[in-house]
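Q: Here it is: the structure, laid out below.
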């Protein structure tokens, strides 16, 4: 005996997909929001492009250059040029003749003592370095202490290894003295 079959619950095999999918539609609210955004963007763009065209541009009048050849004779021009040359020369020489000593840019940073860094201790040490005519430190000493001996020693050690541009007077390198502040700041 075979089992009775109930044909009324069975679907016919037609090869089509009979599952129902919801119909995809765009929400009217989203369409209105999109239209509003596009319109607002267009209005902003239009108003900004319009204001940049309507604003007048300030113009400076062209400088008026007098023709020296037409107004003064050749002898006066030569005298004026010689006077200008005399007044300009001393000023340019003065700048190149004298300058103070300064540290070179390639000098190594002072080494922060590990114990001070761990403790979060910082400070500023002012070191005075007496330099020879070549820019080498001859005598280095602390003139303002940080309050921590390890920071003072680290600053002294670093400045002793530094090189300096020597001070110049009358176009010649001279021995000099320079004060160097060394900052130690914990991170």
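In the numbering used here, the protein residues as written are 13 to 199. We treat Cβ as the ideally placed atom computed from N, Cα and C, and that holds for glycine.
1. Whose C-alpha, out of 129, 173, 110, 60, is nearest the C-alpha of residue 118?
2. Given a cut-off of 8 Å, decide if residue 111 and residue 180 are closer than it, judged by their beta-carbon atoms.
3. Is residue 41 near the ligand MG - that is, is its Cβ less than 7 Å away from at least one heavy atom of it?
4. I need the boundaries of the beta strand (DSSP E) containing residue 195, first residue and last residue.
5. Take the Cβ of residue 122 as the centre, count every other Cβ of all protein chains shown within 10 Å, and call the residue buried at 16 or more, exposed below.
6. Measuring straight from C-alpha to C-alpha, what distance separates residue 64 and residue 46?
7. Check residue 40 in the structure and name its three-state DSSP category.
8. Hey, residue 157 and residue 137 are a contact pair by Cβ (cut 8 Å); roughly how many whole angstroms apart?
9. Could you please give the first and the last residue of the uninterrupted alpha helix (DSSP H) stretch that includes residue 175?
10. Ignore the nearest five residues each way along the sequence and tell me which others in residue 144's own chain have a CB closer than 7 Å to its CB.
11. Is residue 145 helix, strand or coil by DSSP?
A: So, from the data block:
1. 173
2. Contact: yes.
3. The ligand MG is not part of this structure, which contains no ligands at all.
4. 188-196
5. buried
6. Bear in mind that a pLDDT of 48 at residue 64, under 50, signals an unreliable position, so the number given afterwards is only what the model happens to contain. Whole-angstrom Cα-Cα distance: 28 Å.
7. helix
8. That pair is a contact at about 7 Å.
9. No alpha helix (DSSP H) holds residue 175; DSSP gives it neither H nor E.
10. 150, 187
11. Under the three-state reduction of DSSP output, residue 145 falls in the coil class, being neither helix nor strand.
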